[in-house]
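Report on one structure; see the data block that follows.
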Amino acid sequence: MVARIIKQKSSPYSALNIDRLRMGVKLQSPIYDAEGEKNILLLASGKKITQATIQNLKNRGIRNVRVHERDLSNLTLSPGESQSSGFTSSLRLRSQKLRKRSGGTSAPGQAADTERTNSPWQIQPQSFLHEVTPPAATAYSPELQQEYRKEFAVLTKVTDDIYRQVLGASRISLSQIRNVTDCSFSKMIQDMDLFVLEGITPVALGNFCRHGLQMSSLAMAIGTQLGLQREHLSQLCIGCLVHDTGMIKINSGGIQGHLPASPIDFLELKKHPAITYNLLCESNEFPMISRIVAYQIHERCDGSGYPRGQKQNQIHPFAKIAAVADEFLSLVSVAAANSEVHPYQAVEQLIYGASRGIFDSGAVRALLQSISLYPVGSVVELNQGQLATVIRTNRQQYDAPVVSIRKPDGTTQIFNLQNHPELHVIRAIPHAKLEMLSL
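Using my numbering, the letters of the sequence shown correspond one by one to residues 2 to 440.
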């Protein structure tokens with residue numbers, strides 16, 4: 002096993018079909034022929050991938066190339082993206098940004114249509130979102146809620162087994178991985194809000210298996226709102242599920258969750274994505290996209306992340322979703338130890354991060370569609386003085402969730418704030434304040 006890992010570290014290249022190469026990308030590293038026994042150089046670093054480049058490779062009988070890991074995510078076409086459409090969309094996006102910088106405007110309908118065209122997130126007929134039961138302004142079924150909690154406990158043990166298999170370089174159980182994804186699909190179809198509620202529960206720091214499971218759940222919910230189909234949601238789920246296997250291999254004594262105590266600890270922390278990637282490459286059972294997601298979860302759109310400080314289109318779209326899910330769950334888990342902090346503040350930080358270009362704005366918007374501006378399960382105060390618990394989301398109107406108001410006689414009444422303009426949330430109640438009010 003050690004020899005195999007060393008071999009992979011010394012040769013960080015992966016095979017890629019030339020039909021999956023994105024045009025317009027300038028190479029950071031050379032690419033080689035993937036089919037010959039000799040390392041035949043095909044294109045040097047600094048060269049740009051064009052239609053002529055791809056056609057020339059095809060004329061030479063080359064169908065697969067070896068691409069360096071630093072170029073892999075940037076060169077690989079996103080799901081549903083063709084070589085011609087990918088380059089055209091990139092040009093349209095650049096021209097749109099240029100118009101905005103120069104003060105140019107478009108007609109409202111035209112601008113909205115352009116934004117949908119440029120967005121990598123589009124709801125298609127095959128999107129899993131169409132299989133999800135539309136949210137209803139009703140309370141949770143106690144029996145179903147108990148079933149979800151038991152299922153999450155079972156899946157946590159399954160995830161622990163998968164981690165052991167990855168770390169032990171043993172044969173990976175595909176049935177166990179399918180068990181996690183299939184259960185997640187089933188629960189989302191039944192009750193998406195309840196599925197999300199279980200997924201955003203704070204996790205004890207250092208419980209990497211549980212964190213990976215819940216993070217994969219939240220990422221799947223976000224991806225569903227963005228229009229991903231089942232296959233892509235499965236790839237996203239698997240990458241999130243096992244992304245922290247490398248954490249178990251590093252010296253994490255000075256690290257709580259993903260919070261290093263010193264610069265030295267941060268250097269140690271930055272090792273774990275590469276370790277995870279190498280571990281996943283030991284098995285052919287993990288899809289390449291899942292490996293990339295696991296490797297790039299801690300990258301940030303502005304280049305402030307790790308391990309490589311990659312930016313924007315250098316980061317796989319699914320990794321951008323995973324980054325938002327991971328950050329939210331990490332924030333609420335850290336906050337759980339401090340009763341003065343509320344999950345709402347975690348949402349605020351992500352919105353602020355999106356405005357600064359740190360996180361993908363589409364993924365953050367889908368997070369709000371999944372959990373509401375006031376996360377499901379939060380206690381809020383309404384403008385007429387009532388305290389209410391957020392039980393369901395309104396997908397587009399994040400600040401008007403469905404709430405359950407407890408009356409003085411002990412009964413509860415459910416209000417969909419979207420249908421009651423006279424009612425609105427004025428603040429989220431921190432846990433410490435809530436405890437004082439209950440005394």
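Every residue, glycine too, gets a C-beta built ideally from N, C-alpha and C. Note that the structure is a prediction, hence the values are computed from the model and not measured.
Helix, strand or coil at His69 [DSSP, three-state]: Taking the first residue of the sequence shown as position 1, residue 69 is located at position 68. Note: His69 maps to strand in three-state DSSP.
Contact check, Val243 vs Tyr164, beta carbons under 8 angstroms: Within the sequence shown, the letter at position 242 stands for residue 243. Within the sequence shown, the letter at position 163 stands for residue 164. Taking 8 angstroms as the Cβ cut-off, Val243 and Tyr164 qualify as a contacting pair.
Val404 (DSSP reduced to helix, strand or coil): For the purposes of this step, residue 404 is taken as the residue at position 403 of the sequence shown. Strand at Val404.
Local conformation of Asp303 per DSSP, three classes: As a position in the sequence shown, residue 303 is number 302, starting the count at 1. DSSP places Asp303 in strand when its eight states are reduced to three.
Limits of the unbroken beta strand (DSSP E) element including Arg428: If you number the sequence shown from 1, residue 428 lands on position 427. Counting along the chain, the beta strand (DSSP E) containing Arg428 begins and ends at 426-429.
Burial state of Leu17 (16 or more Cβ within 10 Å): Walking along the sequence shown from the start, residue 17 turns up at place 16. Flag for Leu17 reads buried.
Assumed close pair Ala347, Val325 - CB separation to whole angstroms, cut-off 8 angstroms: As a working mapping, residue 347 is identified with position 346 in the sequence shown. As a working mapping, residue 325 is identified with position 324 in the sequence shown. Actually they do not touch by this definition, with Cβ atoms about 11 angstroms apart.
Sequence-distant residues of its chain with Cβ nearer than 7 angstroms to Ser373 (five each side left out): One-based indexing of the sequence shown puts residue 373 at position 372. These residues qualify, in order along the chain: Val391, Thr394, Tyr399, Pro402.
For Asp194, the first and last residue of its enclosing alpha helix (DSSP H): On the sequence shown, residue 194 is found 193 positions in, with the first residue counted as 1. Its alpha helix (DSSP H) spans residues 193-200.
Identity of the residues DSSP links to Leu22 by a beta bridge: For this step, residue 22 is matched to residue 21 along the sequence shown. In the DSSP output, where bridge partners are listed per residue, Leu22 has Thr77.
Terminal residues of the alpha helix (DSSP H) in which Thr225 lies: What you label residue 225 is simply residue 224 of the sequence shown in a count that begins at 1. Thr225 -> alpha helix (DSSP H) spans 209-226.
Complete alpha helix (DSSP H) runs within the segment 332-404 (minimum length 4 residues, chain order): 344-356, 362-372
Three-state class that DSSP yields for Ile322 in the structure shown: The residue you call residue 322 lines up with position 321 of the sequence shown. Here Ile322 sits in helix by DSSP.
Straight-line Cα distance separating Leu73 from Lys48: Within the sequence shown, numbered from 1, the residue matching residue 48 stands at position 47. Within the sequence shown, numbered from 1, the residue matching residue 73 stands at position 72. C-alpha separation (whole angstroms): 15 angstroms.
Backbone secondary structure at Tyr33 - three-state DSSP: Translated into positions along the sequence shown, residue 33 becomes position 32. Here Tyr33 sits in strand by DSSP.
Enclosing beta strand (DSSP E) for Gln414 [first to last residue]: If you number the sequence shown from 1, residue 414 lands on position 413. Counting along the chain, the beta strand (DSSP E) containing Gln414 begins and ends at 413-417.
Where the alpha helix (DSSP H) containing Leu145 begins and where it ends: Mapped onto the sequence shown, residue 145 falls at position 144. 143-168 is the span of the alpha helix (DSSP H), which, as asked, contains Leu145.
Residues bridged to Tyr14 (per DSSP): Residue mapping note: residue 14 aligns to position 13 of the sequence shown, counting from 1. Beta-bridge pairing links Tyr14 to His69.
Ala367 to Asp34 span [Cα, whole Å]: Reading the sequence shown from its first residue, position 366 is the one you call residue 367. Reading the sequence shown from its first residue, position 33 is the one you call residue 34. If you take the alpha carbons of Ala367 and Asp34, they lie about 40 angstroms apart.
Rounded straight-line distance, which links the Cα of Gly207 to that of Glu300: Taking the first residue of the sequence shown as position 1, residue 300 is located at position 299. Taking the first residue of the sequence shown as position 1, residue 207 is located at position 206. Whole-angstrom Cα-Cα distance: 20 angstroms.
Contact set for Pro126: own chain, Cβ-Cβ below 8 angstroms, skip 5 residues either direction: Here residue 126 corresponds to residue number 125 of the sequence shown, with the count starting at 1. Once the five neighbours on either side are set aside, Pro126 has no close Cβ partner at all.
Span separating the alpha-carbon of Tyr14 from that of Leu44: Here residue 14 refers to the residue found at position 13 when the sequence shown is read from its first residue. Here residue 44 refers to the residue found at position 43 when the sequence shown is read from its first residue. Taking the straight line joining both Cα atoms gives about 14 angstroms.
Of the listed residues Val26, Ile249, Asn417, nearest to Gly169 (C-alpha basis): Position 168 of the sequence shown, counted from the start, is the residue given in the question as residue 169. It is Ile249 whose Cα lies nearest to the Cα of Gly169.
Cβ neighbour criterion (16 or more within 10 Å) applied to Glu328: Here residue 328 is taken as the residue at index 327 of the sequence shown, counted from 1. Buried is the call here.
Contact check, Thr225 vs Val155, beta carbons under 8 angstroms: Position 224 of the sequence shown, counted from the start, is the residue given in the question as residue 225. Position 154 of the sequence shown, counted from the start, is the residue given in the question as residue 155. The answer is no: Cβ separation not under 8 angstroms.
Buried or exposed by the 16-neighbour rule on C-beta atoms within 10 Å, applied to Glu423: Locating residue 423 in the sequence shown gives position 422, where the first residue counts as 1. Exposed, because fewer than 16 other Cβ atoms sit within 10 Å of the Cβ of Glu423.
Three-way DSSP call (helix, strand, coil) for Leu206 in this model: Within the sequence shown, the letter at position 205 stands for residue 206. Coil, per DSSP.
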